[in-house]
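Written out below as structure tokens is the structure these notes cover.
What follows is the structure in structure tokens.
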């Protein structure tokens with residue numbers, strides 16, 4: 005592809021070599037090669053313009069800049085100057101990968117909370133409708149049974165465009181993405197128009213430091229999504245829904261519990277039966293459905309409403325919605341694991357006192373026979389975190405099972421003693437089983453009907469870090485091994 009083709013939708017001035025043939029776009033000077041164009045991005049702590057000379061020395065064919073350079077590139081290097089190199093990267097990447105968004109059903113979700121869960125729900129509904137789906141968000145880039153880790157909830161635009169092309173090559177027909185305020189602020193989603201944009205909710209978050217200077221900027225960045233969507237739906241129970249969607253020029257669809265919502269939820273109740281933990285509710289208005297959602301907590305009704313609203317802009321059967329929402333879950337977020345026996349086993353990433361408090365408080369509302377929490381604490385981290393986790397579990401659990409969790413360069417038993425310090429502030433019962441697999445085995449072999457067991461701390465992680473080495477360890481695999489070893493499925 006020629007450089008001029010990449011620049012089709014960009015406003016710029018050019019100097020240096022005539023049109024060059026480009027094979028790739030890079031924004032890390034270490035990846036610069038002949039045939040590549042190096043885009044000088046400005047970050048929080050670094051500026052790509054400082055590495056432009058290094059890129060030239062490695063044979064780069066073109067530079068994209070927004071500031072003047074402190075050296076004169078050779079005549080054979082094209083220099084493209086534009087107002088914002090992040091926007092340039094997005095527009096050029098879309099061209100490089102052939103505008104893959106145009107070939108996919110696309111949904112983008114913004115909001116303070118619920119993006120990851122709503123993304124998983126939408127993807128599951130699409131899959132039940134026979135549409136292979138990829139997702140991009142907190143858990144990384146996920147499609148075709150594979151997960152590729154990313155540094156940000158909303159990755160750089162190049163990674164997004166490449167991922168969509170890879171999804172298409174793998175047979176996907178849809179893509180769902182979490183549109184973070186930072187991602188929108190930094191133009192990572194520029195260069196495409198989404199079929200659907202969804203607003204979940206708005207609350208205080210990401211203020212200060214290198215993120216947003218105040219709530220006004222935070223809200224303004226979220227609203228940017230609705231300038232580039234064909235259809236939109238919003239949670240009208242949130243007071244900021246009009247402000248966030250103010251730039252959308254189509255008919256806004258609404259969801260919520262209030263009478264003004266076009267898609268309304270009613271008759272919600274917690275649901276726990278036969279190992280299934282979730283929430284039941286019904287809808288009226290835009291759709292009349294009776295639903296069981298396989299994610300605990302009444303607040304997930306909002307996420308389910310967002311998912312239903314999103315897929316309603318496509319030709320999706322109601323049965324796919326019903327079936328998809330029943331099994332949808334986020335890996336490592338109160339994730340249910342099927343086990344023999346009349347109890348529930350959940351995997352969750354809760355690895356500090358606040359997240360543990362939120363999970364256990366939610367599960368307490370299901371009135372389990374016993375709430376059992378298995379957890380450890382990371383080594384080489386503040387000890388206060390261990391005290392707090394111990395105290396939280398001791399207060400909210402019927403039984404705490406203390407074990408290992410990324411002990412790093414500390415002794416597991418020293419970490420456990422710190423956890424016990426917090427537990428001793430409560431009347432909570434506990435047992436110590438240092439090896440994590442054996443701790444899980446203990447929970448499963450001693451489970452009673454109606455118990456809810458939470459394996460906290462690892463979530464989506466598939467490793468255990470000990471003495472500087474990351475050993476493979478996936479709790480789902482450990483559970484399967486225990487079932488086989490103990491003949492629990494017989």
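Numbering (the numbering used here), first residue to last: 5 to 494. From the three backbone atoms N, C-alpha and C, an ideal C-beta is built for every residue, glycine too.
- For the pair of segments examined, the stretch 418-426 was found to touch the stretch 379-395: the number of CB pairs separated by less than 8 Å reaches three.
- By the C-beta density criterion, residue 476 is exposed, having fewer than 16 other C-beta atoms within 10 angstroms.
- Less than 7 Å divides the Cβ of residue 437 from the Cβ of residue 446.
- Going by beta carbons, residue 36 and residue 30 fall inside the 7 Å limit.
- Inter-segment contact for the stretch 315-334 and the stretch 365-379 is absent: fewer than three beta-carbon pairs are separated by less than 8 Å.
- Scanning 95, 126, 103 and 389 for the CA closest to the CA of residue 318 turns up 126.
- Taking C-beta separations shorter than 6 Å and ignoring five residues to either side along the sequence, the partners of residue 175 in its chain run 136, following chain order.
- Around the beta carbon of residue 271, fewer than 16 other beta carbons sit within 10 angstroms, so the residue counts as exposed.
- Annotation: the continuous alpha helix (DSSP H) that includes residue 331 extends over 322-331.
- Distances from the alpha-carbon of residue 198 to those of 204, 233, 206 and 228 put 233 closest.
- Restricted to the stretch 61-145, the beta strand (DSSP E) segments that are unbroken, complete and at least 3 residues in length are 66-69, 82-85, 109-114 and 137-141, listed in chain order.
- According to DSSP, residue 352 shares a beta bridge with 460.
- Going by DSSP, residue 179 is part of the beta strand (DSSP E) stretching over 178-182.
- Taking the CA atoms as reference points, residue 473 sits about 8 Å from residue 412.
- With a beta-carbon spacing of about 11 Å, residue 83 and residue 24 fall beyond the 8 Å limit used to define contacts.
- Here residue 244 carries a coil assignment [DSSP, helix/strand/coil].
- Each residue's CA atom was taken as its position, placing residue 421 and residue 349 some 26 Å apart.
- Linking residue 440 to residue 458 through their CA atoms gives a straight-line distance of about 13 Å.
- For residue 296, the pairing in a beta bridge is given by DSSP as 284.
- For residue 310, the closest C-alpha among the options 229, 64, 239 and 88 is that of 239.
- Within the model, the alpha-carbon separation for residue 296 versus residue 364 is close to 21 Å.
- DSSP, reduced to helix, strand and coil, places residue 314 within a helical segment of the structure shown.
- For residue 158, the three-state secondary structure derived from DSSP is coil.
- Per DSSP, residue 7 is one residue of the alpha helix (DSSP H) stretching across 7-10.
- Look at residue 232 here: in three-state DSSP terms it is coil, with no helix or strand label.
- Between the stretch 45-57 and the stretch 71-88 there are three or more inter-stretch CB-CB distances shorter than 8 Å, so the stretches are counted as touching.
- For residue 437, there is no enclosing alpha helix (DSSP H), as DSSP marks it with neither H nor E.
- Beta-bridge pairing by DSSP links residue 51 to 46.
- In terms of Cβ geometry, residue 99 and residue 223 do not form a close pair [threshold 7 Å].
- Between the beta-carbon of residue 157 and that of residue 141 there is about 6 Å, and that keeps the pair under the 8 Å contact cut.
- Residue 463 holds the alpha-carbon nearest to the alpha-carbon of residue 339 among 355, 463 and 312.
- Annotation for residue 362: no beta strand (DSSP E) segment contains it, though the alpha helix (DSSP H) segment containing it runs 357-368.
- According to DSSP, residue 469 shares a beta bridge with 474.
- Secondary structure note for residue 204: it is in no beta strand (DSSP E), with a DSSP letter that is neither H nor E.
- Secondary structure remark: continuous alpha helix (DSSP H) runs of at least 4 residues inside the stretch 390-437, in chain order: 416-427.
- A direct Cα-Cα distance of roughly 24 Å separates residue 288 from residue 276.
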